[in-house]
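Enquirer:
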Amino acid sequence: MAPSATLDVAPSNDVEATTSPLVDGPVSPYDPARPLAGKVALITGSGRGIGRGIAIELGRRGANVVVNYGSSSKAAEEVVAELAKLGSKSIALQADISNPAAVSELFEKAVEHFGHLDIVVSNSGMEVWCPEVEVTPELFDKVFNLNCRGQFFVAQQGLKHCSRGGRIILTSSIAASIGGIPNHALYAGSKAAVEGFTRAFAVDCGEKGITVNAIAPGGVKTDMYDENSWHYVPGGYKGMPMEIIDAGLAKMCPLKRVGTPADIGKAVFTLCSEEGEWINGTSLFSSFSNKIHQTDGVTAQVKSSNSPVAMLFRDIQLPLGLLAWDMRHKQLNAV
1 MAPSATLDVA PSNDVEATTS PLVDGPVSPY DPARPLAGKV ALITGSGRGI GRGIAIELGR
61 RGANVVVNYG SSSKAAEEVV AELAKLGSKS IALQADISNP AAVSELFEKA VEHFGHLDIV
121 VSNSGMEVWC PEVEVTPELF DKVFNLNCRG QFFVAQQGLK HCSRGGRIIL TSSIAASIGG
181 IPNHALYAGS KAAVEGFTRA FAVDCGEKGI TVNAIAPGGV KTDMYDENSW HYVPGGYKGM
241 PMEIIDAGLA KMCPLKRVGT PADIGKAVFT LCSEEGEWIN GTSLFSSFSN KIHQTDGVTA
301 QVKSSNSPVA MLFRDIQLPL GLLAWDMRHK QLNAV
């Protein structure tokens with residue numbers, strides 16, 4: 001039996017209508033800072049981390065928001081309260097995204113409350129590190145049920161319920177496209193499947209004018225980052241000082257910093273905006289880049305190419321860059 005959804009409605013501020021000499025009766029003023037006014041966005045896993053950043057950004061841009069959470073109602077209620085301060089109407093709904101029946105119920109309650117749905121962001125997921133020889137069928141199913149099957153059925157419900165011209169955004173990862181990360185096959189495979197879903201759904205949603213894209217974050221400061229980022233560092237270890245990890249990963253980014261949930265929120269807003277209408281069926285790489293790598297003033301840019309040499313370099317440059325940084329760090333400590 002699917003878990004029942006809980007409903008928590010936060011207070012909100014309604015925008016007063018004005019009158020126009022060109023139109024009989026009141027009309028709502030257009031605020032260029034809130035271009036999503038009147039839109040309703042459902043964001044899974046939005047009680048914390050990247051999902052929270054997306055919810056806050058879309059609410060700030062005028063959207064009303066369905067804040068979905070798996071277990072922490074307190075965190076979701078805090079997001080609802082923050083959205084209310086931004087003038088966004090929001091509700092908190094619990095649902096286990098790995099359960100298709102619960103996903104269906106989540107969408108039904110969202111539409112019942114707001115009357116329509118315009119934006120769906122599938123953000124729920126988990127990261128796992130495990131040597132391939134130790135992966136059990138139970139662990140495989142746990143990861144793929146949430147990261148892969150869950151996102152498929154969220155997209156399915158988005159296709160069913162989104163208004164014409166809506167937006168569906170799935171969450172991939174840099175792990176779906178970069179190579180050379182040890183013990184990461186299970187997670188990387190689950191995210192690669194999401195990118196396949198994205199391209200296929202983009203075709204099938206076209207008749208309703210709904211665009212479907214994926215966002216592929218990496219190096220974003222969240223609790224998941226704090227727990228797992230050391231795995232990306234050659235020679236890294238659990239308990240490795242975060243300032244060392246942050247400094248190293250920041251060097252991999254042309255902007256010289258790691259990302260934040262707010263950064264991902266802005267990228268998602270772009271895909272949701274009117275200007276993002278012609279972006280469809282793609283995965284937006286939102287991270288320090290594995291296509292432009294800067295180390296000690298030397299920039300190596302990998303151009304799009306299918307040649308074996310270019311493909312090999314594209315796949316290994318990020319691990320090699322991290323290795324070079326790790327070796328310099330060890331040399332400095334040895335002085």
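Position 241, counted from 1, in the sequence shown is what full-length UniProt numbering calls 241; the numbers after and before it change by one each time, with no gaps.
Positions of the beta carbon are idealized from the N, C-alpha and C atoms, including for glycine.
1. Just reading off the alpha helix (DSSP H) that residue 52 is part of, what are its end residues?
2. In chain order, which continuous runs of the alpha helix (DSSP H) of length 4 or greater are located wholly inside the stretch 145-190?
3. In terms of residue numbering, what span does the alpha helix (DSSP H) encompassing residue 73 cover?
4. Do residue 343 and residue 195 have their C-beta atoms closer together than 7 Å?
5. Going by DSSP, what residue range makes up the alpha helix (DSSP H) through residue 254?
6. Using only alpha-carbon positions, find the residue among 84, 177 and 80 that is nearest to residue 68.
7. Can you tell me where the alpha helix (DSSP H) with residue 99 in it begins and where it stops?
8. Quick check on residue 408: does DSSP put it in helix, strand or coil?
9. Smallest Cα separation from residue 175: which of 185, 162, 280 and 35?
10. Distance check for residue 131 and residue 35, CA to CA, integer angstroms please.
11. Kindly indicate the opening and closing residues of the alpha helix (DSSP H) around residue 268.
12. Using the rule of at least 16 other Cβ atoms within 10 Å of the residue's Cβ for burial, across every protein chain shown, is residue 217 buried or exposed?
13. Let's see if you can read the secondary structure: which residues bound the alpha helix (DSSP H) around residue 64?
14. On the premise that residue 168 lies in contact with residue 120, defined as a C-beta separation below 8 Å, what is that separation, rounded to the nearest angstrom?
Expert: For this structure:
1. As a first step, residue 52 is located in the sequence shown; it is residue number 52 there, counting from the start. DSSP places residue 52 in the uninterrupted alpha helix (DSSP H) bounded by 49-60.
2. Within the stretch 145-190, the complete alpha helix (DSSP H) segments at least 4 residues long are 151-161, listed from N- to C-terminus.
3. Residue mapping note: residue 73 aligns to position 73 of the sequence shown, counting from 1. Per DSSP, residue 73 belongs to the alpha helix (DSSP H) from 73-85.
4. What is shown of the chain runs 1 to 335, which leaves residue 343 out entirely.
5. Translated into the one-based positions of the sequence shown, residue 254 becomes position 254. No alpha helix (DSSP H) contains residue 254, which DSSP labels as neither H nor E.
6. Locating residue 68 in the sequence shown gives position 68, counting from the first residue. Closest option to residue 68, Cα to Cα, is 80.
7. Within the sequence shown, numbered from 1, the residue matching residue 99 stands at position 99. That residue, residue 99, is in no alpha helix (DSSP H); it is neither H nor E in DSSP.
8. Any property of residue 408 remains undetermined from this structure, which presents the chain solely from 1 to 335.
9. The residue given as residue 175 occupies position 175 in the sequence shown. Looking at the Cα atoms, 185 is the closest of the given residues.
10. Counting from 1 along the sequence shown, the entry for residue 35 is found at position 35. Counting from 1 along the sequence shown, the entry for residue 131 is found at position 131. So the alpha carbons of these two residues sit roughly 46 Å apart.
11. Your numbering for residue 268 matches position 268 in the sequence shown. From DSSP, the alpha helix (DSSP H) with residue 268 extends over 261-272.
12. Along the sequence shown, one-based indexing puts residue 217 at 217. Of the other Cβ atoms in all chains shown, 16 or more fall within 10 Å of the Cβ of residue 217; this residue is therefore buried.
13. Residue numbering aside, residue 64 sits at position 64 when the sequence shown is read from its first letter. In this chain, residue 64 is not harboured by any alpha helix (DSSP H); it is covered by the beta strand (DSSP E) spanning 64-69.
14. Walking along the sequence shown from the start, residue 120 turns up at place 120. Walking along the sequence shown from the start, residue 168 turns up at place 168. Rounded, the Cβ-Cβ distance is 5 Å, consistent with contact.
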